Amino acid sequence: MKSDGRFVATEQAYDAPSSAAVGPERLWGAGELACTLVSNDERLVESCALIALGAAVRIHQCAELKDLPAPGNGPVLWGADMAGEALAFPGLCDVVLGFEEDDQQLWSVASQIPRARVAILPRAQQWLGEYLGLWGMRAGQAHCLSLGSLAGGLGTSTLAALVAHAGTLCGLKSLLIDLDPHSTGLWPRVTLDPPTGIGWEELCRSGGALAPHQLVDTLPTVRDTAVLTWSPSAAPSELDEQLVVRLLAAARQGFDLLVVDTGRAVHPQRAVLEQFVDRQVLTCEDTGKPPVEAHIRCGPRNLRNSNTATGQYLGHFSSLPRISRAIQRGVLFDALRSRKVRHALADLRLLPESEGNKR
Numbered sequence: 000m001k002s003d004g005r006f007v008a009t010e011q012a013y014d015a016p017s018s019a020a021v022g023p024e025r026l027w028g029a030g031e032l033a034c035t036l037v038s039n040d041e042r043l044v045e046s047c048a049l050i051a052l053g054a055a056v057r058i059h060q061c062a063e064l065k066d067l068p069a070p071g072n073g074p075v076l077w078g079a080d081m082a083g084e085a086l087a088f089p090g091l092c093d094v095v096l097g098f099e100e101d102d103q104q105l106w107s108v109a110s111q112i113p114r115a116r117v118a119i120l121p122r123a124q125q126w127l128g129e130y131l132g133l134w135g136m137r138a139g140q141a142h143c144l145s146l147g148s149l150a151g152g153l154g155t156s157t158l159a160a161l162v163a164h165a166g167t168l169c170g171l172k173s174l175l176i177d178l179d180p181h182s183t184g185l186w187p188r189v190t191l192d193p194p195t196g197i198g199w200e201e202l203c204r205s206g207g208a209l210a211p212h213q214l215v216d217t218l219p220t221v222r223d224t225a226v227l228t229w230s231p232s233a234a235p236s237e238l239d240e241q242l243v244v245r246l247l248a249a250a251r252q253g254f255d256l257l258v259v260d261t262g263r264a265v266h267p268q269r270a271v272l273e274q275f276v277d278r279q280v281l282t283c284e285d286t287g288k289p290p291v292e293a294h295i296r297c298g299p300r301n302l303r304n305s306n307t308a309t310g311q312y313l314g315h316f317s318s319l320p321r322i323s324r325a326i327q328r329g330v331l332f333d334a335l336r337s338r339k340v341r342h343a344l345a346d347l348r349l350l351p352e353s354e355g356n357k358r
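Following this line, the structure appears as structure tokens:
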């Protein structure tokens, strides 16, 4: 049965242990993107491992031809020491690579494989990192929803958190990302007892060089919903654009659903976000002229509002008493125990259509 995009989980679904939706099996396990390096050259393997780490992509060494991946399981890189063997597998050769001394051999092999690229290290290190990073970004499986606001105090962050946890209750591996440039952290809204795990401040210090599986393992979770925000003791700072790119690329590979709280529109890194976001939704007051983009009216209803709803109007969402009380108690996700809250959220149809999201 195909989902209609609503979230109307029952109390039983809320209380039951959540399980992440399992996507299609890939070469190295479900939910994990990886490229393959066919080589026994230890120096080349080490160099490629560092490049792949910076691109937030896992790389696996294939030392024997019998272990070659099936077609469609990510880029296959052939080292100079085994490049000659690539001629027998033209459909499994994306890049031939080596060092300066291998130049002539690599170009000779590439000339016989139409789509093969050549990477001479260390000169091509940056290109190879961008190549793998772009592949990883495009190959990520997560659905990415961004929620921005046209005014402060509308409850956009609260809505984002509830949508992320609703995804978890529907069986999706969900991540709530705080990208509000003026954020003071989401923890006071989500929970009074922040769990252990990394935040933006740790990622800033590390340069964001995290593989998807590392990101999943190290982010803090509240009732199985992962959260990336600033810690209560941290002083938020401007995030580097490349850090945001690496983070979103890795998150798209490690999770099923990303809900990004972007704060007040227009976000200073909007161009970057548009590369990853599948759906952008704005929140606005129930007064004035509505935006042309997909939007949700928030706050008290204005029954005298004469502005007609457009095709981009998704519905109305207000902070119901159950939500306000849950925030005050520091247990926001408890609000989803309320049937009224669940139905109000479901009517907005913000979750992606999937087999895991059924009425």
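Numbering that gives the first Met the number 0 numbers the first residue of the sequence shown as 0 and each following residue consecutively. Beta carbons: idealized from backbone N, C-alpha and C, even for Gly. All of these numbers come straight from a predicted model, not from anything done at the bench.
**Short Cβ contact (9 angstroms threshold) for Asp-255 with Ser-173** = yes
**Asked** Can we say the region 159–171 touches the region 218–225, given the rule of at least three CB pairs closer than 8 angstroms?
**Response** The count of Cβ pairs closer than 8 angstroms, one atom from the region 159–171 and one from the region 218–225, reaches three, so the stretches are in contact.
**Asked** Is DSSP giving Gly-22 helix, strand or coil here?
**Response** Unreliable positioning characterises Gly-22 in this predicted model, as indicated by a pLDDT of 31, which lies under 50. The coordinate reading is nonetheless provided below. Coil at Gly-22, not helix or strand.
**Message:** Check whether chain D comes within 9 angstroms of Asp-101, counting only Cβ atoms and requiring the distance to be less than that.
**Reply:** Structure shown: chain D not included; a single protein chain is present.
**Message:** Assuming the contact rule is C-beta atoms closer than 8 angstroms, Trp-77 and Ala-69 should be a hit. Round their C-beta distance to whole Å, please.
**Reply:** So it is not a contact: roughly 16 angstroms between Cβ atoms.
**Item:** For Asp-179, three-class secondary structure by DSSP
**Value:** coil
**Asked** Can you name, in chain order, every residue of its own chain whose Cβ lies under 6 angstroms from the Cβ of Phe-423, other than the five neighbours on each side?
**Response** Beyond the ends of the chain as shown, which are 0 and 358, falls residue 423; an answer cannot be given.
**Proximity to Gly-154 [Cα-Cα], best of Gly-170, Phe-316, Ala-345** = Phe-316
**Request:** Can you have a look at Val-244 and say buried or exposed, based on whether 16 or more other CB atoms are within 10 angstroms of its CB?
**Result:** buried
**Asked** From the DSSP output, which residues share a beta bridge with Cys-297?
**Response** Glu-284, Phe-316
**Message:** Ignoring anything shorter than 4 residues, give me the alpha helix (DSSP H) runs that lie fully in the region 35–86, in order along the chain.
**Reply:** 41–53
**Item:** Selected residue, minimal CA-CA separation from Leu-247, among Ser-236, Pro-235, Leu-202
**Value:** Leu-202
**Prompt:** Do you know whose CA, among Ala-325, Pro-290, Ala-210, lies nearest Leu-52's CA?
**Reply:** Closest option to Leu-52, Cα to Cα, is Ala-210.
**Request:** Please list, in chain order, all residues of the same chain as Asp-277 whose beta carbon is under 6 angstroms from its beta carbon, the five residues on each side excluded.
**Result:** His-142, Cys-143
**Asked** Are the CB atoms of Thr-282 and His-266 nearer to each other than 9 angstroms?
**Response** Cβ atoms of Thr-282 and His-266: not closer than 9 angstroms.
**Request:** With a floor of 3 residues, list each beta strand (DSSP E) that falls wholly inside the region 219–243, ordered by position along the chain.
**Result:** 224–227
**Item:** Under the three-state DSSP convention, the category Leu-174 falls into
**Value:** strand
**Message:** Tell me which residues share the same chain as Gln-124 and place their Cβ nearer than 7 angstroms to its Cβ, disregarding the 5 neighbours each side in the sequence.
**Reply:** Excluding sequence neighbours, Gln-124 sits near Ile-50.
**Prompt:** If you draw a straight line from the alpha carbon of Ser-46 to that of Val-215, how long is it in whole angstroms?
**Reply:** Roughly 25 angstroms separates the two Cα atoms.
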